[in-house]
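Data block below; observations after.
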Amino acid sequence: MIAKVRAIIQEKESNLCVAADFTKCEKVLDLAEKIGDEICMLKTHVDILEDFTPDFPKKLRALADRQNFLIFEDRKFADIGNTVSLQFGGGIYHISEWADLINAHSIVGEGIIDGLKKVNKNSALILLAQMTPEGNLFDESYALKTVAMAQENSDFVVGFIGSSDRPEVLAKIRAAAGEDFLILTPGIKLSSESDGLGQTYNTPEKAIQNGADIIIVGRGIYESADPISEAEKYRAAGWNSMRKSANE
Ligand code: 5BU
Numbered sequence: 002m003i004a005k006v007r008a009i010i011q012e013k014e015s016n017l018c019v020a021a022d023f024t025k026c027e028k029v030l031d032l033a034e035k036i037g038d039e040i041c042m043l044k045t046h047v048d049i050l051e052d053f054t055p056d057f058p059k060k061l062r063a064l065a066d067r068q069n070f071l072i073f074e075d076r077k078f079a080d081i082g083n084t085v086s087l088q089f090g091g092g093i094y095h096i097s098e099w100a101d102l103i104n105a106h107s108i109v110g111e112g113i114i115d116g117l118k119k120v121n122k123n124s125a126l127i128l129l130a131q132m133t134p135e136g137n138l139f140d141e142s143y144a145l146k147t148v149a150m151a152q153e154n155s156d157f158v159v160g161f162i163g164s165s166d167r168p169e170v171l172a173k174i175r176a177a178a179g180e181d182f183l184i185l186t187p188g189i190k191l192s193s194e195s196d197g198l199g200q201t202y203n204t205p206e207k208a209i210q211n212g213a214d215i216i217i218v219g220r221g222i223y224e225s226a227d228p229i230s231e232a233e234k235y236r237a238a239g240w241n242s243m244r245k246s247a248n249e
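Counted from 1, the sequence shown has number 127 at position 126 by this note's numbering; the numbering is strictly sequential.
Right under this line is the structure:
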């Protein structure tokens with residue numbers, strides 16, 4: 002999966018993942034179709050959709066295959082192995098049928114990885130080594146233990162969520178993980194005003210300098226008047242920063 006992600010990034014010159022946090026299926030699909038050529042990944046929160054039907058992941062999967070991007074379901078699993086296996090494989094969403102990437106909290110221990118693995122089909126797992134909100138409890142020790150857990154399970158875990166808001170910890174995550182894992186960083190905006198709800202924002206340049214492979218952008222793109230040209234701006238900013246840091 003890591004090779005696949007890196008190949009898409011190179012081919013499309015894009016390390017941009019867009020968070021399509023709409024509450025209607027049609028809006029997510031419409032955005033995905035419009036910006037599909039600009040992104041390496043689309044991030045979903047399937048449980049915020051008010052009109053979900055099994056048709057939604059089928060249509061999204063078809064778009065992803067046609068426009069060559071991956072689907073990352075940001076479900077943040079956080080329960081015992083048995084429960085997450087039911088949440089991942091069953092319920093009404095059947096996430097294991099269509100997501101290329103999923104994520105989970107490491108706080109509950111390795112059983113969560115085993116539970117997800119049990120029902121896994123073709124997905125790969127991202128662990129949350131950090132999060133972006135102000136005042137979060139993710140510290141350095143937690144982040145580095147999460148990296149160690151990933152290294153023990155590298156047949157399934159392919160990367161981490163890292164936050165540019167604590168760059169010194171993110172640098173240590175990168176140093177411990179090496180290039181064998183991907184780091185995905187949310188909380189990205191070209192204009193870095195706050196959202197009033199604790200989200201912290203950094204620019205694409207800063208995130209890439211701090212060690213991210215992939216930048217995750219939500220409202221900066223989908224709330225803009227022209228999401229296509231905004232996605233192109235973020236794509237170019239992320240890609241140029243990546244090339245610059247590769248040459249340094
Ligand atoms: P925004 O609109 O760019 O702020 O959206 C960020 C997205 O990334 C949103 O879907 C969050 O759920 C997601 N996110 C985050 O912001 N911070 C984190 O630490 C993680 C996910 Br993990």
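The beta-carbon is built from N, C-alpha and C at its ideal position, and this holds for glycine as well. Keep in mind it's a predicted model, so treat the numbers as computed, not measured.
Review point. Three-state secondary structure (DSSP) at valine 158?
Key: Taking the first residue of the sequence shown as position 1, residue 158 is located at position 157. DSSP, reduced to helix, strand and coil, places valine 158 within a strand of the structure shown.
**Study point:** arginine 244: first and last residue of the uninterrupted alpha helix (DSSP H) it sits in
**Key:** Residue numbering aside, residue 244 sits at position 243 when the sequence shown is read from its first letter. Under the DSSP assignment, arginine 244 falls in the alpha helix (DSSP H) whose first and last residues are 228 to 248.
Point to revise | When Arg220, Gln210, Ile229 and Gly221 are compared against asparagine 1, the one with the closest alpha-carbon | key: The requested residue 1 is not part of the displayed model; the chain covers only 2 to 249.
Review point. To the nearest angstrom, how far is it from the Cα of lysine 13 to the Cα of glycine 116?
Key: The residue you call residue 13 lines up with position 12 of the sequence shown. The residue you call residue 116 lines up with position 115 of the sequence shown. Going by the C-alpha atoms only, they are around 34 Å apart.
Check your understanding: Counting only runs that start and end within the region 7 to 69, where is the beta strand (DSSP E) found for 3 or more residues in a row?
Key -> Within the region 7 to 69, the complete beta strand (DSSP E) runs of at least 3 residues are 17 to 20 and 42 to 45.
Practice item. Starting from the C-beta of valine 85, find all residues in its chain whose C-beta is less than 6 Å away, skip the five residues before and the five after it, and write them out in chain order. Key: To locate residue 85, count along the sequence shown from 1; it is residue 84. If the five residues before and after valine 85 are omitted, its C-beta is found closer than 6 Å to the C-beta atoms of Phe78, Ile113, Gly116 and Leu117, all from its own chain and listed in chain order.
Exercise for review: Using the Cα positions of glycine 212 and serine 155, report the straight-line distance between them to the nearest angstrom.
Suggested key: Here residue 212 is taken as the residue at index 211 of the sequence shown, counted from 1. Here residue 155 is taken as the residue at index 154 of the sequence shown, counted from 1. Rounded to whole angstroms, glycine 212 to serine 155 spans 20 Å at the Cα level.
**Study point:** Cα-Cα separation between asparagine 83 and alanine 105, rounded to whole angstroms
**Key:** In the sequence shown, residue 83 corresponds to position 82, counting from 1. In the sequence shown, residue 105 corresponds to position 104, counting from 1. Cα-Cα distance, rounded: 14 Å.
Exercise for review: Enumerate in chain order the residues of its own chain whose CB-to-CB distance from aspartate 22 is below 8 Å, with the five nearest sequence positions on each side excluded.
Suggested key: Here residue 22 is taken as the residue at index 21 of the sequence shown, counted from 1. Sequence-distant Cβ neighbours of aspartate 22 in its own chain, meaning closer than 8 Å and more than five residues away, are His46, Ile49, Gly219, Arg220 and Tyr223.
Point to revise | Same chain, Cβ closer than 7 Å to lysine 207, five either side skipped, listed in chain order | key: Here residue 207 refers to the residue found at position 206 when the sequence shown is read from its first residue. Non-local beta-carbon contacts of lysine 207 in its own chain, meaning distances under 7 Å to residues more than five positions away in sequence, involve Ser165 in chain order.
Check your understanding: Is any heavy atom of the ligand 5BU found at a distance shorter than 6 Å from the C-beta of threonine 133?
Key -> For the purposes of this step, residue 133 is taken as the residue at position 132 of the sequence shown. Because some heavy atom of the ligand 5BU lies under 6 Å away, the Cβ of threonine 133 counts as near it: yes.
Check your understanding: For the ligand 5BU, is there a heavy atom less than 6 Å away from the beta-carbon of proline 168?
Key -> As a first step, residue 168 must be located in the sequence shown, where it is residue number 167. No.
Exercise for review: Sort Leu129, Ile229 and Ala237 by Cα distance to threonine 186 and report the nearest one.
Suggested key: Reading the sequence shown from its first residue, position 185 is the one you call residue 186. Nearest Cα to threonine 186 within the set Leu129, Ile229 and Ala237: Leu129.
Exercise for review: May I ask you to report which of helix, strand or coil DSSP gives leucine 191?
Suggested key: Position 190 of the sequence shown holds residue 191. Reduced to three states, the DSSP call for leucine 191 is coil.
Review point. Shortest alpha-carbon distance to glutamine 200 belongs to which of Met132, Lys245, Asp52 and Ala177?
Key: In the sequence shown, residue 200 corresponds to position 199, counting from 1. That would be Met132, whose Cα lies nearest to the Cα of glutamine 200.
Point to revise | Exposure of aspartate 196, with buried meaning 16 or more beta-carbon neighbours within 10 Å | key: Here residue 196 refers to the residue found at position 195 when the sequence shown is read from its first residue. Taking all protein chains in view, the Cβ of aspartate 196 is surrounded by fewer than 16 other Cβ atoms within 10 Å, so the residue is classified as exposed.
Exercise for review: Kindly indicate which three-state DSSP category isoleucine 93 falls into: helix, strand or coil?
Suggested key: As a first step, residue 93 is located in the sequence shown; it is residue number 92 there, counting from the start. Correct three-state label for isoleucine 93: coil.
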